[in-house]
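Visitor: So the sequence shown is numbered by our numbering: it starts at 161 and just counts up by one. Cβ coordinates follow ideal geometry from the N, Cα and C atoms, glycine included. Pasting a structure here, questions to come.
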Amino acid sequence: MNHTAFALALTLVATAPAHADGEVSDVPGETIVITGLRLPRAVRDTPAAVTVIDQRELARSPLVLTDELLRMLPSVGTFRRSSSLVADPTSQGLNLRGVGPSAVSRALVLRDGIPANDPFGGWMYWRSISPLGIDRIEAAPSGASALFGDFALGGVVQILSRPITPRTLEAVIAGGSLETGRAAARATHRSADFGVAADAEAFRSGGYAPIAAEQRGPIDGRASSWHGSSGLRLEHVRAGWTTHATGRWFQESLEAGTQFTTADVRTVTYGAGTKLVRDGRELQLEVFGGDQLFRQTRARVTPNRETATLASRQRTPSNNQGALAMWTEPVGKRHVIVVGVDGRRVSGTATDSLSPPMIEDDTLIERKAGGEQRFLGVFLQDAIRVSSRVELAAALRLDAWQNRDASSTRTFGNGDRMTTELGETSELELDPRLGVIVHATDVVSVRGSVYRAFRAPTLNELYRPFQVGTVLTAANDALRPETLWGAEAGPQIVLPTVVVRATAFWNQLDDAIANVTLETPLPSGATRQRQNLGGARVAGLELDASWRPAPAWIATIAHTFMDGKVTTAPAAPTLVGKRLPQDPRFRTTASLTFDDARFATISAQMRHLGRQFEDDQQTQSIGSVILFDARIGRTLGRGVSIFVSGQNLFDRRYLVGRAGIDTEGAPRTFEIGLAYR
């Protein structure tokens, strides 16, 4: 069989769907989602393919961190396979359906409708989102810039918080192998018109040695990590108005397992907004922002890995502010119009303090570069009910973005400074989207969409160089935005105990920003540079399938096929026909769950990651792996339950990176804990 043309793909369907108000439905396909259209719709009624992980599924999963939970959706991947338990966050950019040729996210992450991606770098701090406070996760893996603008090139993942309910207290405390311990708590209270929710989490791990044993030296050890987070949300509800204010703090520190190789971040985010719902109309206003400090150190390592010295210290402060206004208006019985405008400002500077072995007058000892980005977008959508069985959704968005006040300063050993003012860049992007869903019968429906999307280069890609292992990648202030044309289509079958959904997709990515291997290293020693590669085509198939043979049992199986290849590369023609790096063709998941409060909750799951390549030249292969995880929990009474979980139960060794040195994924781990609600 020709796998390029005919491989089946399966994507996980929500196993116990959650409605918008947090209640769980046992009717397959009845989950109410808002991400696909910016409108509440049942999953079975959305023109875009949307997948949901609900609160029950999150609670019974053996996986702990948010990025690990998302990887149970085979359409979801991060640039590197490694868990955020040990991975530098700059390698954790989100991609959906293989649209992700570098570590920067090609998918937008929303937290209650507000962008959560790092505004300077585009990656995602997954550990900043505690699963304890999540009501559900909605994933829409197709170009969504027509509604959401920048970063939604390859789709949207929205993480929705649990509602504020009267007098709720929840807590989890757990510990396990790798000297790991975590504690999380959440409390809510609602009285008359006012509500308050507070949450906090602390997580620490001694980690494991990520460098492959056969390459490890005296300077290599365990990759330890810790993080802490807290948040407060105030809410007032009266006469159709819901007004809120939110503040969050997050801090993370990672030791990469090699001397002088660390990363840490501290963020403070804030937001406020109001929503009016009356007679089917809705007005939403939001303001948000944040301040962040990201720091990183890198080592200079001898070939035998016996000694290491400090190579550089990087300090990147950034801040951002944004606002959103959106109006929803039913027009007659057939139309629902959504009109909106949003804007954002991002500013940041990366400073590398270098520690060369010898310092002479012309030795570069510091490089500093940064600037400011501004975005403004207006969008319009009309959801048209053509008949009782046919609905169209047409959307159009115009985005204006600008890079400004950019400069680069180099400092040399003799104290001289050379500052270069970098030119301003501004562009307009027009992104349409058209979707349709046809309910052929009460059981069978067919959906399809065509779309255009874009992503502007981040300040990180324009101005910040980075190092992974021994490989240094240079920034490029001449980068252009990426654009994508795509389509998806497929049938859906919803039966009382079975849901099956097939989706074929095709995406053409132009001016893709990738880490390109250079023929000759740059004066800085960089052997790779971010460049607009040219064009890439990513096509594949998905099939969603879940089966509930009895109320306590649920089984799922999923497999995603993605074929991503370079189609044009004017600056590196040898790349044409090669696969995109860090992009496996196959991802597979399967799970079996028994959930009966009278006895126990038992979950077993399997994840398969196909073979992929570390580099654009396809010289460094990363083999496939199959991982097994399981969890068992039982209620003890008075709101207390106990659980035991294990990951990588067969202790498989597998690679996650080959950037000059081979790094491996986590070994077998176990955790035991108590939960209270």
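Spatial neighbours of V598 within its chain, please: C-beta separation below 7 Å, excluding the five flanking residues on both sides.
Guide: Same-chain partners within the cutoff: R549, V550, S605 and V606.
Visitor: Can you round the beta-carbon distance between A306 and R557 to whole angstroms, since I take them to be within the 8 Å contact cut?
Guide: Right, the Cβ-Cβ distance comes to about 5 Å (below 8 Å), so this counts as a contact.
Visitor: Between the alpha carbons of R837 and T206, how many angstroms are there, rounded?
Guide: Spanning the two alpha carbons is a distance of roughly 34 Å.
Visitor: Less than 7 Å between the CB of G309 and some heavy atom of the ligand MN, yes or no?
Guide: Here there are no bound small molecules, and the ligand MN is not part of this structure.
Visitor: Give me, in chain order, the residues of the same chain whose beta-carbon lies closer than 6 Å to that of A764; leave out the 5 immediate sequence neighbours on both sides.
Guide: Hits under 6 Å: L752 and A790.
Visitor: Consult DSSP for V210 and reduce its assignment to one of helix, strand or coil.
Guide: Looking at V210 - three-state DSSP - the assignment turns out to be coil, as it is neither helix nor strand.
Visitor: Let me make sure I understand the geometry here. Which of P222, V210 and V726 has the alpha-carbon closest to that of F830?
Guide: Selected option, being the one with the closest Cα: P222.
Visitor: By DSSP, does Y430 sit in helix, in strand, or in coil?
Guide: Three-state DSSP puts Y430 in a strand.
Visitor: Which two residues bound the contiguous alpha helix (DSSP H) that contains N620?
Guide: Start and end: L619 to Y623.
Visitor: Specify, as a first and last residue, the run of the alpha helix (DSSP H) that E228 falls within.
Guide: T226 to L230 is the extent of the alpha helix (DSSP H) around E228.
Visitor: Starting from F420 and walking both ways along the alpha helix (DSSP H), at which residues does that stretch end?
Guide: Run containing F420: none; DSSP gives neither H nor E here.
Visitor: Give the list of continuous beta strand (DSSP E) stretches no shorter than 3 residues that lie fully inside the stretch 693 to 726.
Guide: Counting only runs of 3 or more, we get 695 to 710.
Visitor: Short check: CB of D591 to CB of R612, under 8 Å?
Guide: In contact: D591 and R612 (Cβ atoms closer than 8 Å).
Visitor: Could you check the C-alpha separation between A712 and R408 for me, to the nearest Å?
Guide: Their backbone Cα atoms lie some 37 Å apart in a straight line.
Visitor: With respect to the beta strand (DSSP E) encompassing E489, which residues constitute its N-terminal and C-terminal limits?
Guide: Unbroken beta strand (DSSP E) run through E489: A468 to V491.
Visitor: Just confirm the distance between the C-beta atoms of A357 and R393, as a whole number of angstroms; I'd bet it's less than 8 Å.
Guide: Between R393 and A357 the Cβ distance is about 5 Å, and since that is below 8 Å, they are a contact.
Visitor: Out of G433, M486, P516 and V428, state which residue places its alpha-carbon closest to the alpha-carbon of N479.
Guide: N479 has its Cα closest to that of V428, out of G433, M486, P516 and V428.
Visitor: Take S872 and list the residues in its own chain whose beta-carbon comes closer than 6 Å to its own, dropping the five residues that flank it on each side.
Guide: Past the edges of the chain, shown from 161 to 837, lies residue 872, and the structure says nothing about it.
Visitor: Cα-Cα, which of A674, P709, Y430 and G450 is closest to L655?
Guide: Measuring from the Cα of L655, the nearest candidate turns out to be P709.
Visitor: With distance defined between alpha-carbon atoms, name the residue in A312, E702 and G500 nearest to E642.
Guide: The shortest C-alpha separation from E642 is found at A312.
Visitor: List the endpoints of the continuous beta strand (DSSP E) containing E581.
Guide: R577 to L582 is the span of the beta strand (DSSP E), which, as asked, contains E581.
Visitor: Using CA coordinates, which residue listed in A347, R241 and R473 is at the minimum distance from F626?
Guide: The candidate whose alpha carbon is nearest that of F626 is R473.
Visitor: On the premise that R739 lies in contact with K725, defined as a C-beta separation below 8 Å, what is that separation, rounded to the nearest angstrom?
Guide: Going by Cβ atoms, the distance from K725 to R739 rounds to 6 Å, so yes, they are a contact pair.
Visitor: Quick check on the DSSP output: the alpha helix (DSSP H) that includes F308 runs from which residue to which?
Guide: Note, F308: alpha helix (DSSP H), S305 to F308.
Visitor: Run the CB neighbour count on D743, radius 10 Å, all protein chains shown included, and call it buried at 16 or more, exposed below.
Guide: D743 is buried by the Cβ-count criterion.
Visitor: Starting from S567, follow its DSSP beta bridges and name the residues at the other end.
Guide: Bridge partners of S567: G530 and E581.
Visitor: Would the stretch 285 to 292 count as touching the stretch 764 to 775 if we require 3 or more Cβ pairs under 8 Å?
Guide: Taking 8 Å as the limit for Cβ pairs, the verdict is that the stretch 764 to 775 does not touch the stretch 285 to 292.
Visitor: For the alpha helix (DSSP H) that A219 lies in, which residues bound it at each end?
Guide: Here the alpha helix (DSSP H) through A219 covers Q215 to R220.
Visitor: Are the beta-carbon atoms of L514 and R570 separated by less than 8 Å?
Guide: No; because the gap between Cβ atoms is not below 8 Å, this pair is not in contact.
Visitor: Shortest alpha-carbon distance to P370 belongs to which of L536, V596, G817 and L582?
Guide: Cα-wise, what sits closest to P370 is G817.
Visitor: Taking contact to mean 3 or more Cβ pairs, one atom from each stretch, closer than 8 Å, check whether the stretch 295 to 309 and the stretch 577 to 584 are in contact.
Guide: Not touching, per the Cβ criterion.
Visitor: Report the option in L256, T195 and D248 whose CA atom is closest to the CA atom of D723.
Guide: Answer by Cα proximity: L256.
Visitor: Using 10 angstroms around the beta-carbon of I832, count the other beta-carbons present and answer buried if the total reaches 16, otherwise exposed.
Guide: I832 comes out exposed.
Visitor: Run through DSSP, which three-state label would W283 get?
Guide: Looking at W283 - three-state DSSP - the assignment turns out to be coil, as it is neither helix nor strand.
Visitor: Residues in its own chain within less than 6 Å of K528 by CB, not counting five upstream and five downstream?
Guide: Same-chain partners within the cutoff: T511 and T569.
Visitor: Specify the secondary structure class of G388 as computed by DSSP and reduced to three states.
Guide: Strand.
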